[in-house]
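**Student:** Remember, our numbering sits 49 above the position in the sequence shown when you count from 1.
Virtual Cβ for every residue (Gly too), placed ideally from N, Cα, C.
All values derive from a computational prediction rather than experimental measurement.
Please see the structure below; I have some questions.
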Amino acid sequence: MKTKILESKSENIRIAADIIRQGGLVAFPTETVYGLGADALNPEAVGKVYAAKGRPSDNPMIVHISRTEDFEKLTPSLSPVVKKLMDAFWPGPLTMVVKRTPEVPDVTTGGLDTVGVRMPDNKTALALIEYSGTPIAAPSANISGRPSPTKAEHVVHDLNGRIDAILTGSDCRVGIESTVLDVTTDAPVILRPGIITKNELEAVLDMPVLIDPALLQKRPVEKGEGLGGNDPDFHPKAPGMKYRHYAPKAEMVIIEGSHEAVERKAKKLRAENENAGKKVGVILFGEQAFAEAAHDFFADLRKMDEQGVDLIIAGALSDTDGIGFAVMNRMMKSAGYNVIKV
Ligand code: TXA
Ligand code: MG
Numbered sequence: 050m051k052t053k054i055l056e057s058k059s060e061n062i063r064i065a066a067d068i069i070r071q072g073g074l075v076a077f078p079t080e081t082v083y084g085l086g087a088d089a090l091n092p093e094a095v096g097k098v099y100a101a102k103g104r105p106s107d108n109p110m111i112v113h114i115s116r117t118e119d120f121e122k123l124t125p126s127l128s129p130v131v132k133k134l135m136d137a138f139w140p141g142p143l144t145m146v147v148k149r150t151p152e153v154p155d156v157t158t159g160g161l162d163t164v165g166v167r168m169p170d171n172k173t174a175l176a177l178i179e180y181s182g183t184p185i186a187a188p189s190a191n192i193s194g195r196p197s198p199t200k201a202e203h204v205v206h207d208l209n210g211r212i213d214a215i216l217t218g219s220d221c222r223v224g225i226e227s228t229v230l231d232v233t234t235d236a237p238v239i240l241r242p243g244i245i246t247k248n249e250l251e252a253v254l255d256m257p258v259l260i261d262p263a264l265l266q267k268r269p270v271e272k273g274e275g276l277g278g279n280d281p282d283f284h285p286k287a288p289g290m291k292y293r294h295y296a297p298k299a300e301m302v303i304i305e306g307s308h309e310a311v312e313r314k315a316k317k318l319r320a321e322n323e324n325a326g327k328k329v330g331v332i333l334f335g336e337q338a339f340a341e342a343a344h345d346f347f348a349d350l351r352k353m354d355e356q357g358v359d360l361i362i363a364g365a366l367s368d369t370d371g372i373g374f375a376v377m378n379r380m381m382k383s384a385g386y387n388v389i390k391v
């Protein structure tokens, strides 16, 4: 398949919108990561997304909208909690999981009776949805299992020749995917952490927000298996959280401890491995520089793969519920929970 690579200007966004309307696939920028879009209400189109990404079909997609009116088509009613969150955070990197209407096809939600919805904070994305005249289902625009794409070149690398078009734009401002919040329960539950944090959500709602306990488990990953290994008790509520993810080609290890101790250990490990003839990459973010870490992390992994790095050594971020926690969630999966404590 020949993929059209289109700069994000109005006439090109219209071409891309025609493709969406006709049931095709278009990758587009959002503020978090690039998305791979299809008409969310067209089961055949959504089916193609799974195939293009090599994605397991029980993993539901996030449905992107450009106007709050569109939300009413997707869910039977908007609760006061949903309304407060919409006002405070949309457009922006928050996905809300709500009950779905029968209009939303099974294939879009992986057969669940809920649907994840968000309004992205990116002009190209919003124009694409508006011109398409339909909500757009979009997972991250990477081959399943690879680091999420935060630059147009990442998308071209993974999906050129596999989809109809790629709208190119600037690098993603946030760099990690949206916070996914289940608002179908009495107390909202974070299913995937992002840059909108538990504290921010609690401040707006004036009520406690929970974190899916599965996110707090640290489990080793056997190659080719889900993140729970053989543990029958590992049941994250967002199906996507159980898969091996974000994996660079290189082996990766995380070092956890005080900043000084981590730096010392990283230096030592690097020297040992370089002496053994390996190419080593190091990812050490500054203390508390969590937003910067979110912005750079996936791009750093891809850069190191391109450079042919054999071993990536990364410093852990110490944070239990904020942006650092969201980055650590991705880092742990990238490294297959391979951690050295110092
Ligand atoms: O920032 C983002 O959210 C990006 C951009 C493109 O918008 N999209 C994204 O999509 O990260 P994806 O498909 O890579 O991740 C969606 C996550 C998965 O972990 C999935 O299991 C979860 O959201 N999810 C979606 N719908 C859900 C639902 N109804 N119930 C529970 N989890 C859901
Ligand atoms: Mg993804």
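Can the beta-carbon of Ala89 be found closer than 8 Å to that of Val112?
**Tutor:** In the sequence shown, residue 89 corresponds to position 40, counting from 1. In the sequence shown, residue 112 corresponds to position 63, counting from 1. The answer is yes: Cβ separation under 8 Å.
**Student:** Under a three-way DSSP split, which group does Lys328 fall into?
**Tutor:** By one-based count along the sequence shown, residue 328 stands at place 279. Three-state result, Lys328: coil.
**Student:** Considering only heavy atoms of the ligand TXA, does any lie closer than 7 Å to the CB of Gly45?
**Tutor:** Given a span of 50 to 391 for the chain in the structure shown, any question on residue 45 remains unanswerable.
**Student:** Can you check the segment 73-125 for any beta strand (DSSP E) of at least 3 residues that lies completely inside it and give the ranges in chain order?
**Tutor:** 75-77, 84-88, 111-113
**Student:** What's the C-alpha gap between Pro6 and Phe138?
**Tutor:** In the structure as shown, the chain begins at 50 and stops at 391. Residue 6 is therefore absent and cannot be evaluated.
**Student:** Check the C-beta distance from Ser197 over to Phe347 and give it rounded, since I have them as a contact under 8 Å.
**Tutor:** The residue labelled residue 197 in the question sits at position 148 within the sequence shown. The residue labelled residue 347 in the question sits at position 298 within the sequence shown. The distance from the Cβ of Ser197 to that of Phe347 is about 5 Å, consistent with a contact at the 8 Å cut-off.
**Student:** Whose C-beta lies closer than 8 Å to the C-beta of Arg313 among residues of the same chain, with five residues either side of it excluded?
**Tutor:** Locating residue 313 in the sequence shown gives position 264, counting from the first residue. Val391, listed in sequence order.
**Student:** Quick check on the DSSP output: the beta strand (DSSP E) that includes Glu56 runs from which residue to which?
**Tutor:** Position 7 of the sequence shown, counted from the start, is the residue given in the question as residue 56. Start and end: 53-56.
**Student:** For the putative contact between Thr52 and Cys221, defined by C-beta atoms under 8 Å, what is the C-beta separation to the nearest angstrom?
**Tutor:** Taking the sequence shown and counting its residues from 1, one reaches residue 52 at position 3. Taking the sequence shown and counting its residues from 1, one reaches residue 221 at position 172. Going by Cβ atoms, the distance from Thr52 to Cys221 rounds to 20 Å, so no, they are not a contact pair.
**Student:** Does the count of Cβ pairs from the segment 211-225 and the segment 166-182 closer than 8 Å reach three?
**Tutor:** yes
**Student:** I believe Leu55 touches Thr183 by the beta-carbon criterion, under 8 Å. Please report the beta-carbon distance rounded to the nearest angstrom.
**Tutor:** Looking up residue 55 in the sequence shown gives position 6. Looking up residue 183 in the sequence shown gives position 134. Incorrect: roughly 19 Å between the Cβ atoms, too far for contact.
**Student:** Give the DSSP-derived three-state secondary structure of Leu333 in the structure shown.
**Tutor:** For the purposes of this step, residue 333 is taken as residue 284 along the sequence shown, with counting starting at 1. Leu333 falls in the coil class under three-state DSSP.
**Student:** Tell whether a beta-carbon distance below 8 Å holds between Thr246 and Ile62.
**Tutor:** The count along the sequence shown starts at 1 and reaches residue 246 at position 197. The count along the sequence shown starts at 1 and reaches residue 62 at position 13. No, Cβ-Cβ distance for Thr246 and Ile62 is not below 8 Å.
**Student:** Reducing DSSP to helix, strand and coil, say where Ala348 ends up.
**Tutor:** What you label residue 348 is simply residue 299 of the sequence shown in a count that begins at 1. It is helical.
**Student:** Return yes when at least one heavy atom of the ligand MG lies under 7 Å from the C-beta of Ser197, else no.
**Tutor:** Position 148 of the sequence shown, counting from 1, holds the residue named residue 197. Answer for Ser197: yes, Cβ within range of the ligand MG.
**Student:** Run the proximity test for Gly103: is its beta-carbon closer than 7 Å to any non-hydrogen atom belonging to the ligand TXA?
**Tutor:** Indexing the sequence shown from 1 puts residue 103 at position 54. Not under cutoff, so the answer is no.
**Student:** With three or more C-beta pairs closer than 8 Å as the rule, is the segment 225-242 touching the segment 140-158?
**Tutor:** A contact exists between the segment 140-158 and the segment 225-242.
**Student:** Using the three-state DSSP reduction, which class does Ser383 fall into: helix, strand or coil?
**Tutor:** Here residue 383 refers to the residue found at position 334 of the sequence shown. If DSSP states are grouped into helix, strand and coil, Ser383 belongs with the helices.
**Student:** Do the CB positions of Ile244 and Leu230 come within less than 8 Å of each other?
**Tutor:** Here residue 244 corresponds to residue number 195 of the sequence shown, with the count starting at 1. Here residue 230 corresponds to residue number 181 of the sequence shown, with the count starting at 1. Between Ile244 and Leu230, the gap from beta carbon to beta carbon reaches 8 Å or more.
**Student:** Helix, strand or coil, according to DSSP, for Arg195 in the structure here?
**Tutor:** Counting from 1 along the sequence shown, the entry for residue 195 is found at position 146. DSSP places Arg195 in coil when its eight states are reduced to three.
**Student:** Quick one: is Asn248 buried, meaning 16 or more other Cβ sit within 10 Å of its Cβ, or exposed?
**Tutor:** For this step, residue 248 is matched to residue 199 along the sequence shown. It counts as exposed.
**Student:** Between the alpha carbons of Pro237 and Val130, how many angstroms are there, rounded?
**Tutor:** Residue numbering aside, residue 237 sits at position 188 when the sequence shown is read from its first letter. Residue numbering aside, residue 130 sits at position 81 when the sequence shown is read from its first letter. Near 9 Å, if we compare the C-alpha coordinates of Val130 and Pro237.
**Student:** If you count every other CB in all the chains shown that lies within 10 Å of the CB of Lys286, and 16 or more means buried, which is it?
**Tutor:** One-based indexing of the sequence shown puts residue 286 at position 237. By the neighbour-count rule (16 or more Cβ atoms within 10 Å), Lys286 is buried.
**Student:** So what's Leu264 in DSSP terms, helix, strand or just coil?
**Tutor:** Looking up residue 264 in the sequence shown gives position 215. The answer is helix: DSSP assigns Leu264 an H, G or I state.
**Student:** Could you check the C-alpha separation between Ala310 and Ala365 for me, to the nearest Å?
**Tutor:** Taking the sequence shown and counting its residues from 1, the one referred to as residue 310 is at position 261. Taking the sequence shown and counting its residues from 1, the one referred to as residue 365 is at position 316. Going from the Cα of Ala310 to the Cα of Ala365 covers about 11 Å.
**Student:** Excluding the 5 residues preceding and the 5 following Ser115 in the sequence, name in chain order all residues of the same chain whose CB lies nearer than 6 Å to its CB.
**Tutor:** For the purposes of this step, residue 115 is taken as the residue at position 66 of the sequence shown. For Ser115, where only same-chain residues beyond five positions count, the Cβ hits under 6 Å are Leu175, Ile178, Glu179.
**Student:** Go ahead and pull the three-state DSSP assignment for Gly392.
**Tutor:** It is not possible to answer for residue 392, since the shown part of the chain is limited to 50 through 391.
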